[in-house]
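Undergrad:
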Amino acid sequence: MSSDYKDFFKVFSQVSKAIHSGGNTTEILGHIVRNIKEILGAKGCIYWIVDRRQEKIETKVSDGFPYRSLANVDYRELNHIFASDQGPIIWIEDAKTDERIPDLDTIGKRSVGSITGMFFDIIGNYAGILAVYFYSHKKLSTEETEILTALGEQGAIALHKAFSYDEKMVQNLRQMVEGFTLALEAKDESTHGHSVRVARFAKSVAEELKLSDTDIETIYHGGLLHDIGKIGMNDDILERLGILSRKEMDIVKLHPVIGARIAKPLNFLNDVVPLILHHHERFDGSGYPDGLKGEFIPLGARILTLCDAVETMLAGRTYFAKMKLEDVIVNLHQNAGAHFDPMIVNAFFNVLEARPEVFDIHINGAERKCLANYRQRMKLVGGPSQPQLFI
Ligand SMILES: [Fe+2]
Ligand SMILES: [Fe+2]
Numbered sequence: 002m003s004s005d006y007k008d009f010f011k012v013f014s015q016v017s018k019a020i021h022s023g024g025n026t027t028e029i030l031g032h033i034v035r036n037i038k039e040i041l042g043a044k045g046c047i048y049w050i051v052d053r054r055q056e057k058i059e060t061k062v063s064d065g066f067p068y069r070s071l072a073n074v075d076y077r078e079l080n081h082i083f084a085s086d087q088g089p090i091i092w093i094e095d096a097k098t099d100e101r102i103p104d105l106d107t108i109g110k111r112s113v114g115s116i117t118g119m120f121f122d123i124i125g126n127y128a129g130i131l132a133v134y135f136y137s138h139k140k141l142s143t144e145e146t147e148i149l150t151a152l153g154e155q156g157a158i159a160l161h162k163a164f165s166y167d168e169k170m171v172q173n174l175r176q177m178v179e180g181f182t183l184a185l186e187a188k189d190e191s192t193h194g195h196s197v198r199v200a201r202f203a204k205s206v207a208e209e210l211k212l213s214d215t216d217i218e219t220i221y222h223g224g225l226l227h228d229i230g231k232i233g234m235n236d237d238i239l240e241r242l243g244i245l246s247r248k249e250m251d252i253v254k255l256h257p258v259i260g261a262r263i264a265k266p267l268n269f270l271n272d273v274v275p276l277i278l279h280h281h282e283r284f285d286g287s288g289y290p291d292g293l294k295g296e297f298i299p300l301g302a303r304i305l306t307l308c309d310a311v312e313t314m315l316a317g318r319t320y321f322a323k324m325k326l327e328d329v330i331v332n333l334h335q336n337a338g339a340h341f342d343p344m345i346v347n348a349f350f351n352v353l354e355a356r357p358e359v360f361d362i363h364i365n366g367a368e369r370k371c372l373a374n375y376r377q378r379m380k381l382v383g384g385p386s387q388p389q390l391f392i
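For the sequence shown, the working numbering begins at 2 and goes up steadily by one.
1. Out of Leu-225, Arg-247, Asn-173, point me to the one whose CA is closest to Gly-260's CA.
2. Phe-391 to Cys-308, Cα distance in whole Å?
3. Roughly how many angstroms separate the alpha carbons of Asp-64 and Pro-275, rounded to a whole number?
4. Suppose only complete runs of 4+ residues qualify. What are the alpha helix (DSSP H) ranges in the segment 311 to 354, listed by chain order?
5. What are the start and end residues of the beta strand (DSSP E) that includes Ile-58?
6. Inspect the beta-carbon positions of Ala-348 and Glu-218 and report whether they are closer than 8 Å.
7. Counting only the same chain and skipping the five closest in sequence on each side, list residues whose C-beta sits under 8 Å from that of Pro-89.
8. Flag this pair as touching only if the segment 297 to 312 and the segment 239 to 251 have three or more C-beta atom pairs under 8 Å; answer yes or no.
9. Look up Ile-90 in the DSSP assignment and give the residues it is bridged to.
10. Using 10 angstroms around the beta-carbon of Asp-228, count the other beta-carbons present and answer buried if the total reaches 16, otherwise exposed.
11. Can you check which of these residues, Leu-333, Asp-342, Tyr-320, is closest to Leu-353 by C-alpha distance?
12. Cβ of Val-199 within 8 Å of Cβ of Glu-282?
13. Spatial neighbours of Val-113 within its chain, please: C-beta separation below 6 Å, excluding the five flanking residues on both sides.
14. Among all residues, which have a Cβ less than 5 Å from at least one non-hydrogen atom of ligand 2, and in what chain order do they fall?
15. Could you compute how far the alpha carbon of Phe-269 sits from the alpha carbon of Glu-179?
16. Within the present structure, is the beta-carbon of His-281 separated from the nearest heavy atom of ligand 1 by less than 7 Å?
17. Work out the CA separation of Ile-91 and Phe-164 for me, nearest whole Å.
18. Closest by CA to Lys-139, which one among Glu-154, Ile-116, Thr-150, Leu-131?
19. Can you give me the C-alpha to C-alpha distance between Asn-374 and Val-331, rounded to a whole angstrom?
20. Would you call the CB atoms of Val-51 and Ile-58 closer than 8 Å?
21. Are Ala-337 and Val-346 close, meaning C-beta to C-beta below 8 Å?
22. For Glu-368, which residues from the same chain have a beta carbon less than 7 Å from its beta carbon, with the 5 sequence-adjacent residues on both sides left out?
23. Could you give the distance in angstroms between the alpha-carbon of His-81 and the alpha-carbon of Arg-54?
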């Protein structure tokens, strides 16, 4: 057994022990990069964790990287250097002349010779990139590559474990906040169950639009929490919605901003905040709080706007009676391009036709005819690709 391998087994068993005893992830990665550097006689070793969905470097742990070095690259530069379509292992023979290595000043490549990098799947959108560099143009032998792979995998296992735990915790925290919100909403008889239904409607529309599982979940949570900003509002005002003075209306209109302010400090609700903030924007820019227009409104918020309105129209309120399904269909068609995104109206009509039970309704023959008629009209004016025709 070569001394490389002896060291490797020592490190490998130490890391395994740390992972199984629930050691701190940064410490485990620190241990890995330090030991890889020593075992391979490299000048530096670094482990990046990237979030592919949000296109950002989540964290990095390095050893042997001086100031202004490879460790300073941003997400875009990192992906240019280690493009996954180049294969699982990337070898850059000479960083000084390789075009993949960006700006000489920021990366400090004068002291770098060869770089070897490899990828690891961690969990969901998260991936790991492990890289070592040498002053010389050294190419790793098969044995050395095996060592790098095995220790990199160990790191990925540690991260997988930590992230799974985080995900579970985030899920629990979200459920806690949602439970709290729903309990408060349950007190208000006129809107009882509104958010749960908006969330369910929005989920089905998001599914119809073939969004990713993560986005569907975010939109569902957005539905549950969209009116969280009404929590602090005076019950007296909320019960008289529809017959409010201008001043009172202005207060009610603050609820998206208040909701976003409540959710913002809670990291685990980061992706839901824009949906809470913009669920009263209108497609033509006449909504609030920011008067955003068209696709500048986050897609999830556009879905919530429609589902919020549909739920209100179908359920009715103390200040106006439930609307008939045919009237709801006509209203959505008339407001496609003005209040609502036509693409979302289309998606909603599709779900309504295929799965009316999602909206707790049974469609009779006349309503089905009406729906078919308006779906056809949406197509005639060009559907989602020409929303301006609806305005
Ligand atoms: Fe609202
Ligand atoms: Fe609402």
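The beta carbon of each residue, even a glycine, is placed where N, CA and C say it ideally should be.
TA: Answer, in terms of the structure:
1. Nearest option by C-alpha distance: Leu-225.
2. Unreliable positioning characterises Phe-391 in this predicted model, as indicated by a pLDDT of 27, which lies under 50. The coordinate reading is nonetheless provided below. So the two alpha carbons sit approximately 19 Å from each other.
3. Using only the alpha carbons, I get a separation of about 38 Å.
4. Those alpha helix (DSSP H) runs which fall completely within the segment 311 to 354 and span 4+ residues are 326 to 336.
5. Taken as a continuous stretch (DSSP letters only), the beta strand (DSSP E) holding Ile-58 covers 57 to 64.
6. No, these two residues do not count as a Cβ contact at 8 Å.
7. Around Pro-89: Met-119, Phe-120.
8. Too few Cβ pairs lie closer than 8 Å, so no.
9. Ile-90 is bridged by DSSP to Met-119.
10. Burial call: buried.
11. It is Leu-333.
12. Taking 8 Å as the Cβ cut-off, Val-199 and Glu-282 do not qualify as a contacting pair.
13. Only Ala-96, Tyr-134 meet the Cβ criterion.
14. That gives Asp-228, Asp-309.
15. Spanning the two alpha carbons is a distance of roughly 12 Å.
16. True, at least one ligand heavy atom lies under 7 Å from that Cβ.
17. Spanning the two alpha carbons is a distance of roughly 26 Å.
18. Here the closest residue by C-alpha is Ile-116.
19. Roughly 10 Å between the two C-alpha positions.
20. If you check the CB distance, Val-51 and Ile-58 come in under 8 Å.
21. Inclusion of Ala-337 and Val-346 in the CB contact set at 8 Å is warranted, their separation being smaller than that value.
22. Non-local C-beta neighbours of Glu-368 in its own chain, meaning closer than 7 Å and more than five positions away in sequence, comprise Leu-326, Glu-327, ordered along the chain.
23. Here the C-alpha atom of His-81 lies approximately 16 Å from the C-alpha atom of Arg-54.
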